[in-house]
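Asker: Encoded as structure tokens, here's the structure I'll be asking about.
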């Protein structure tokens, strides 16, 4: 009990200094938690998103990025080949699609068009979506996601001008589903192809029969048809996670600066406190305290600062992450930040490690003092 | 055999810049339990150096300090830092002139501190600390921080702490140096009482009047023992 009392009372007797140090660790940990929570959130959001996707295989032109299909390059001949192979490979649906972005990548101003072949409605690609107004069937017109409608004040019967010649009516508005579909404008493939002057498709989405393996079909397709790559949602998730790992490292690097500053703060506080208490340590040693006792005492003080600052930092970081979530949820319909248990544990471990490293040198210094010098008994 | 703390041919030299200073030279003496020994001399005579060596705070350049008990004889120079700390904890108690108490601990916690180091249970050290504070006349000050105690009270708390693990030898370095005469003689009485309990008391002071209350006086000058005297006022055992 006296050890904890000694540590806590010492921290309390220099309350302003202790508080500032605590604040330093708090800010460092909170910054790290907030930075890292983006990666965790993005990875989680994409995982959920891909889980909501009906077709589990995406066919793209060879060499294109799995995340952003560019200009339509898949010819009707490729579609024909896939359709021919479909019965033999156990494919249920083959859905060619044309993708088009208008207005850059700002979610607030851009329009993301997803083309669908006639007879296919958005619920085939995004199972579970329902119409809030109108219906899901395109019938040559447009069905829009809930957030698209909200952001652009569109409703049933609104007119979408794709070009001076091409106008579409909104015939359906989707219910908010918390998926990518909220941000999309579904139109017939033909309309987008006319707009771009091509007969090609951006991607071909494929749903296997329930009994078939996506992986096997994707492999068979890639081998059978030259110039294409077939990917499963699992592949896509792996790709995304790989890309995120690099950005995680980068964000950790940035937060490392904050962590190092926090660590130096703790080291400074503990070192100052050691110098101020040299006589106390001398007295303890004279009375019969071992060096290891003094070492533990000082290290524990630093660890307590680290643990307390880390826990509070985690709390503040989590609140920050919730704020970011609230913002991105309102703007793009996706919670992009998440403090997962593994991130929380990682942050606490880092804060404790900080305390340990920062306290080691002062603890060593304090434990090696000679009684005679510490008590000024020369 | 009664426990004895024995100094044999102790010499302590320091280097100060280029020159060498001999703080203590060829000091030999036996300190027995049941006896108060006062070491007197002007400042710079080597009193503190001698106490540092006897307590194992410091090691001699030559000679050795032996602690002889019924069970064993140990030479302090042959022990590691940690072993010397353990030896001090269990066989020695200390009262200094200043820096005596841990400022963030209350009076009873200060008294209980050595017991905590020795692994005594919380309940027991709580009870023993209270009993010791009663013995030095401060039961009502148990929960006060040192900053709330007078100089005399602080010294009495320090004495209670020095007695916490009932050590064989009690070292007191100018224990009444900062006190008025009433508080001083109160502390001195408590010290003398320890000798009656078969404990050895080694008192370092430059106050000759105080020293004359001891059973034996050792005079130090320039690091050397210059005289020895049995006190007439008290009857040695």
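Protein chains in written order, with the numbering used here: chain A, 757 to 1134; chain B, 58 to 294.
Note that the Cβ used here is the ideal one computed from N, Cα and C, for glycine as well.
Computed from a predicted structure; not experimentally measured.
Any beta-carbon of chain A closer than 9 Å to the one on residue 256 (chain B)?
Answerer: Position 199 of the second chain, counting from 1, holds the residue named residue 256 (chain B). It does not: the Cβ of residue 256 (chain B) has no partner Cβ on chain A nearer than 9 Å.
Asker: So who's on the other strand from residue 96 (chain B), going by DSSP bridges?
Answerer: Counted from its first residue, the second chain places residue 96 (chain B) at position 39. In DSSP, residue 96 (chain B) forms a bridge with B:261 and B:275.
Asker: Taking 6 Å as the limit between beta carbons, can you name the residues of its chain near residue 800 (chain A), skipping five residues before and five after?
Answerer: Mapped onto the first chain, residue 800 (chain A) falls at position 44. Excluding positions up to five away in sequence, the list reads 1094.
Asker: Residues in the same chain with beta-carbon distance under 8 Å from residue 136 (chain B), minus the five sequence neighbours each way, listed in chain order, please.
Answerer: Here residue 136 (chain B) is taken as the residue at index 79 of the second chain, counted from 1. Closer than 8 Å at Cβ, skipping near neighbours: 113 and 144.
Asker: Once DSSP output is grouped into helix, strand and coil, what is the label at residue 85 (chain B)?
Answerer: One-based indexing of the second chain puts residue 85 (chain B) at position 28. Residue 85 (chain B) falls in the strand class under three-state DSSP.
Asker: Could you check the C-alpha separation between residue 202 (chain B) and residue 211 (chain B) for me, to the nearest Å?
Answerer: Against the second chain, residue 202 (chain B) aligns to sequence position 145. Against the second chain, residue 211 (chain B) aligns to sequence position 154. Their backbone Cα atoms lie some 10 Å apart in a straight line.
Asker: Hey, out of A:1037, A:943, A:854 and A:806, whose CA is closest to residue 1126 (chain A)'s CA?
Answerer: Indexing the first chain from 1 puts residue 1126 (chain A) at position 370. Of the candidates A:1037, A:943, A:854 and A:806, the one whose C-alpha sits nearest the C-alpha of residue 1126 (chain A) is A:1037.
Asker: Taking only beta-carbon positions, decide if residue 279 (chain B) is within less than 9 Å of chain A.
Answerer: Here residue 279 (chain B) is taken as the residue at index 222 of the second chain, counted from 1. No, because no Cβ of chain A sits closer than 9 Å to the Cβ of residue 279 (chain B).
Asker: Looking at chain B, which residues of the stretch 993 to 1023 of chain A have a Cβ within less than 8 Å of any of its Cβ atoms?
Answerer: Residues passing the 8 Å Cβ filter: none.
Asker: Out of A:1022, A:941, A:798 and A:768, state which residue places its alpha-carbon closest to the alpha-carbon of residue 855 (chain A).
Answerer: To locate residue 855 (chain A), count along the first chain from 1; it is residue 99. Comparing Cα positions, the closest option is A:941.
Asker: Is the CB of residue 143 (chain B) under 9 Å away from at least one CB in chain A?
Answerer: Position 86 of the second chain, counted from the first residue, corresponds to residue 143 (chain B). Output row for residue 143 (chain B): interface = yes.
Asker: Taking DSSP as the reference, what is the three-state secondary structure of residue 950 (chain A)?
Answerer: The sequence position of residue 950 (chain A) within the first chain is 194, counting from 1. Residue 950 (chain A) falls in the helix class under three-state DSSP.
Asker: So which residues of chain B does residue 1036 (chain A) contact, with C-beta pairs closer than 9 Å?
Answerer: As a working mapping, residue 1036 (chain A) is identified with position 280 in the first chain. Correct list: 156, 159, 160 and 161.
Asker: Which residue wins for smallest C-alpha separation from residue 813 (chain A), given the options A:899, A:1128 and A:991?
Answerer: Indexing the first chain from 1 puts residue 813 (chain A) at position 57. The residue with the shortest Cα to Cα distance from residue 813 (chain A) is A:991.
Asker: CB-CB under 8 Å to residue 1117 (chain A), same chain, minus the five flanking residues each way: which ones, in chain order?
Answerer: Within the first chain, residue 1117 (chain A) is the residue found at index 361, counting from 1. Excluding positions up to five away in sequence, the list reads 1023 and 1027.
Asker: By a C-beta neighbour count over all protein chains shown, 10 Å radius and 16 as the cutoff for buried, is residue 1006 (chain A) buried or exposed?
Answerer: Residue mapping note: residue 1006 (chain A) aligns to position 250 of the first chain, counting from 1. By the neighbour-count rule (16 or more Cβ atoms within 10 Å), residue 1006 (chain A) is not buried but exposed.
Asker: Use the C-beta contact count for residue 833 (chain A): other C-beta atoms within 10 angstroms, 16 or more gives buried, fewer gives exposed.
Answerer: Taking the first residue of the first chain as 1, we reach residue 833 (chain A) at position 77. Looking at its Cβ environment, which holds fewer than 16 other Cβ atoms inside 10 Å, residue 833 (chain A) is exposed.
Asker: Do residue 1014 (chain A) and residue 787 (chain A) have their C-beta atoms closer together than 9 Å?
Answerer: Mapped onto the first chain, residue 1014 (chain A) falls at position 258. Mapped onto the first chain, residue 787 (chain A) falls at position 31. Taking 9 Å as the Cβ cut-off, residue 1014 (chain A) and residue 787 (chain A) qualify as a contacting pair.
Asker: Is any beta-carbon of chain B found at less than 9 Å from that of residue 1128 (chain A)?
Answerer: Numbered from 1 along the first chain, position 372 holds the residue referred to as residue 1128 (chain A). It does; some Cβ of chain B falls within 9 Å.
Asker: One question on the structure: do residue 782 (chain A) and residue 1077 (chain A) come within less than 9 Å of each other, judged by their Cβ atoms?
Answerer: Stepping through the first chain from its first residue, residue 782 (chain A) is reached at position 26. Stepping through the first chain from its first residue, residue 1077 (chain A) is reached at position 321. Cβ distance not < 9 Å, so residue 782 (chain A) and residue 1077 (chain A) don't count as in contact.
Asker: Thinking just about the alpha-carbon of each residue, which of B:127, B:101 and B:107 is nearest to the one in residue 225 (chain B)?
Answerer: Start at 1 with the first residue of the second chain, and residue 225 (chain B) comes out as number 168. Ranking B:127, B:101 and B:107 by Cα distance to residue 225 (chain B) puts B:127 first.
Asker: Using a beta-carbon distance cut-off of less than 7 Å, what residues from the stretch 761 to 786 of chain A approach chain B?
Answerer: Flagged, chain order: 761, 762, 765, 766 and 769.
Asker: Is any heavy atom of the ligand FMN found at a distance shorter than 8 Å from the C-beta of residue 969 (chain A)?
Answerer: The model depicted lacks the ligand FMN and carries no ligand whatsoever.
Asker: Could you name the residues that DSSP lists as bridge partners for residue 121 (chain B)?
Answerer: As a first step, residue 121 (chain B) is located in the second chain; it is residue number 64 there, counting from the start. B:65, per the DSSP bridge assignment.
Asker: Hey, quick one: how far does the beta strand (DSSP E) through residue 963 (chain A) stretch, first residue to last?
Answerer: Numbered from its first residue, the first chain carries residue 963 (chain A) at position 207. Segment 959 to 964, the beta strand (DSSP E) holding residue 963 (chain A).
Asker: When the Cα of residue 804 (chain A) is compared with those of A:868, A:784, A:937 and A:761, which residue comes out closest?
Answerer: Indexing the first chain from 1 puts residue 804 (chain A) at position 48. Residue A:937 is the option with its Cα nearest to residue 804 (chain A).
Asker: Can you tell me whether residue 925 (chain A) is helix, strand or coil according to DSSP?
Answerer: Taking the first residue of the first chain as position 1, residue 925 (chain A) is located at position 169. Strand at residue 925 (chain A).
Asker: On the CB-based measure, 16 or more other CB atoms within 10 Å of its CB, does residue 280 (chain B) come out buried or exposed?
Answerer: Counted from its first residue, the second chain places residue 280 (chain B) at position 223. That one is buried.
Asker: Check whether the stretch 1095 to 1108 of chain A and the stretch 83 to 100 of chain B are in contact - that is, three or more C-beta pairs closer than 8 Å.
Answerer: Output reads no: the stretch 83 to 100 of chain B does not touch the stretch 1095 to 1108 of chain A.
Asker: With C-beta atoms as the reference, is residue 69 (chain B) less than 9 Å away from residue 100 (chain B)?
Answerer: As a first step, residue 69 (chain B) is located in the second chain; it is residue number 12 there, counting from the start. As a first step, residue 100 (chain B) is located in the second chain; it is residue number 43 there, counting from the start. Going by C-beta atoms, residue 69 (chain B) is not nearer than 9 Å to residue 100 (chain B).
Asker: Any contact between the stretch 1103 to 1114 of chain A and the stretch 92 to 108 of chain B? By contact I mean 3 or more CB pairs, one from each, below 8 Å.
Answerer: Segments in contact, no.
Asker: Since residue 186 (chain B) contacts residue 1041 (chain A) with CB under 8 Å, what's their CB separation in whole angstroms?
Answerer: Here residue 186 (chain B) refers to the residue found at position 129 of the second chain. Here residue 1041 (chain A) refers to the residue found at position 285 of the first chain. The Cβ separation is near 21 Å, so there is no contact.
Asker: Pick helix, strand or coil for residue 831 (chain A), following the three-state DSSP scheme.
Answerer: Taking the first residue of the first chain as 1, we reach residue 831 (chain A) at position 75. If DSSP states are grouped into helix, strand and coil, residue 831 (chain A) belongs with coil.
Asker: Just the C-alpha distance for residue 1112 (chain A) and residue 1062 (chain A), rounded to the nearest angstrom, thanks.
Answerer: As a first step, residue 1112 (chain A) must be located in the first chain, where it is residue number 356. As a first step, residue 1062 (chain A) must be located in the first chain, where it is residue number 306. Their Cα atoms are separated by approximately 8 Å.
Asker: May I have the straight-line CA-CA distance separating residue 793 (chain A) from residue 206 (chain B), to the nearest angstrom?
Answerer: To locate residue 793 (chain A), count along the first chain from 1; it is residue 37. To locate residue 206 (chain B), count along the second chain from 1; it is residue 149. Answer to the nearest angstrom: the Cα atoms are 53 Å apart.
Asker: Do residue 261 (chain B) and residue 249 (chain B) count as a contact pair if the criterion is CB distance below 9 Å?
Answerer: Residue mapping note: residue 249 (chain B) aligns to position 192 of the second chain, counting from 1. Residue mapping note: residue 261 (chain B) aligns to position 204 of the second chain, counting from 1. No, Cβ-Cβ distance for residue 249 (chain B) and residue 261 (chain B) is not below 9 Å.
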